[in-house]
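Asks:
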Amino acid sequence: MLVVLASSVLAASVQAEEVPLDRVVAVVDDEAVMQSELDARLQSVRVQLRDQGITPPSEQALRKQVLDRLVLDTIQLQMADRAGLEVDEEQLNAAIQRIARSNRMSLSQFRQTLAQEGIQYPVFRRQIRDQMLISQLRQQRVGDRVQITPAEVEQFMSSPEAIKHDPREFRVAHILIRLPEAPSPEQVAEAQDRAQALLTQIRNGADFNQVALQDSSGEQALSGGDLGWRNALSLPSIFADEVVTMSVGDVAGPLRSSSGFHLIKLVDVRGNQQHLVQQTRVRHILLAPNAVRNDQETLALAKRLRQQLKNGADFAALAAEYSDDKGSKQAGGELGWMAADQVVPAFAQAMESLSPGEISAPVKSRFGWHIIEVEQRRQSDVADRLRQQQVQQLLFQRRFEEELQNWLREIRQDAYVEIKN
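Note that the sequence shown covers residues 365 to 785 in the working numbering.
1. Distance check for residue 538 and residue 425, CA to CA, integer angstroms please.
2. Just how far apart, CA to CA, sit residue 783 and residue 762?
3. Once you ignore the five residues that flank residue 391 on each side, which residues in its own chain have a CB closer than 8 Å to its CB?
4. Please determine, among 453, 526, 519, 465, the residue with the shortest C-alpha to C-alpha distance to residue 494.
5. Within 10 angstroms of the Cβ of residue 383, are there 16 or more other Cβ atoms? Answer buried if so, exposed if not.
6. Apart from the five residues on each side of it in sequence, which residues of its chain come closer than 7 Å, Cβ to Cβ, to residue 842?
7. What are the boundary residues of the alpha helix (DSSP H) that includes residue 449?
8. Starting from residue 533, follow the alpha helix (DSSP H) in both directions and report where the run begins and ends.
9. Does the count of Cβ pairs from the segment 707-714 and the segment 618-634 closer than 8 Å reach three?
10. Is DSSP giving residue 591 helix, strand or coil here?
11. When the Cα atoms are used, what is the spatial distance from residue 649 to residue 720?
12. Check whether the segment 428-448 and the segment 491-507 are in contact - that is, three or more C-beta pairs closer than 8 Å.
13. Quick check on this structure: which residue in 756, 555, 572, 662 has the alpha carbon closest to the alpha carbon of residue 729?
14. Once the 5 residues before and after residue 374 are set aside, which same chain residues still bring their CB inside 7 Å of it?
15. Quick one: residues in its chain with C-beta nearer than 6 Å to the C-beta of residue 389, no 5 flanking neighbours on either side, listed in chain order?
16. What residue range does the beta strand (DSSP E) around residue 398 cover?
17. Just mark residue 674 as buried or exposed, buried being the case when its beta carbon has 16 or more other beta carbons within 10 Å.
18. Leaving aside the five residues before and after residue 756 along the sequence, list all residues of the same chain whose C-beta is less than 6 Å from its C-beta, in chain order.
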């Protein structure tokens, strides 16, 4: 079977044997679900299970599962229609081209393979269109219910689960002030005070390795407390929780465990690949058409302001007076350091083509007309920002899946559904 023929796409694509009469197996609001649709979907699911080596459940259980999915799909397609959602031919063709490429085939080869699997191409196109409509609807209705805050991202990044996914290795040095078994409160306080005093010495310039040699009770004391290279999972959890948030050279502690109080130093990190991107320090003046100034008049104003700038006018002053970007006008049009993927394509293309100190001709975007000045350029490591984005996407997807199940239950309860015997 083809890679694409997953459960979400397998719908009603396999040709069923012709039957003399069709019949209604379910009514969803005012729309009928026919036996022929159910038979085709059942056949395609059987093929999928066979190819995955999965033993299907009983025919009765399989029929119920497939009919339930057909009903849910019908409800969602009705909602998409009422919402005016559409998939045009260009979008549909592009999606099918991607599916063909994912199967390492040309479109003609892909169509031939569909035919060999007993799948009608027009039916397959309809199913892909339906799934694209359902996806649009879910993004609209469920996506709006999911919000991930920066605080949630930060909390996850310092959680034990995030540590499991951390590809980095850490070189850590360690000092232990050991406690006896069942220590008295006085012994605990004395050990903590001693660890705190050593931490103060180190932060005042004492060499961590020398302090470890002289004062640590740890097994690595004779090697200056060096634990070697470890990934986060192989470190004690109280160490791992700290080192993933530390910078090289940082010292943390005292950390309490059953064995005593610990001081740790992050000596080095490896496997922390840089993600260098070009960033541009840029400012702009945005002029948006409005009720009293049409697009051509706005462009004419942009040209006049650019000429004033070329004649020596102050950029910040003109931005404060004329810019329609409320977020930057009071800062003289300053946008700060921006990467190309942080701005709209037309703005990015113009920004990337300018040299520092150069002012663009008016640039059109969906927001209006921009006058752009590039101030500086640099290469910047955005690994932390990318990791935050990845965490945000992970959390969003998890929350989305949870909300999706709630939403599907709600729309199923709200719809009129009659299952025919």
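Note that CB positions come from ideal geometry on N, CA and C, so glycine has one too.
Replies: Let's see:
1. 59 Å
2. 32 Å
3. 397, 780, 781, 782, 784
4. 453
5. Unreliable positioning characterises residue 383 in this predicted model, as indicated by a pLDDT of 45, which lies under 50. The coordinate reading is nonetheless provided below. Under this definition residue 383 is an exposed residue.
6. One cannot answer for residue 842 here, as it falls past the ends of the chain, which runs 365 to 785.
7. Where residue 449 is concerned, there is no enclosing alpha helix (DSSP H), given that its DSSP letter is neither H nor E.
8. Here residue 533 belongs to no alpha helix (DSSP H); instead the beta strand (DSSP E) covers 533-542.
9. no
10. strand
11. 17 Å
12. yes
13. 662
14. Note on residue 374: pLDDT 39, under 50, position unreliable in the model; no value is reported.
15. 397, 399, 402, 784
16. 395-398
17. exposed
18. 512, 517
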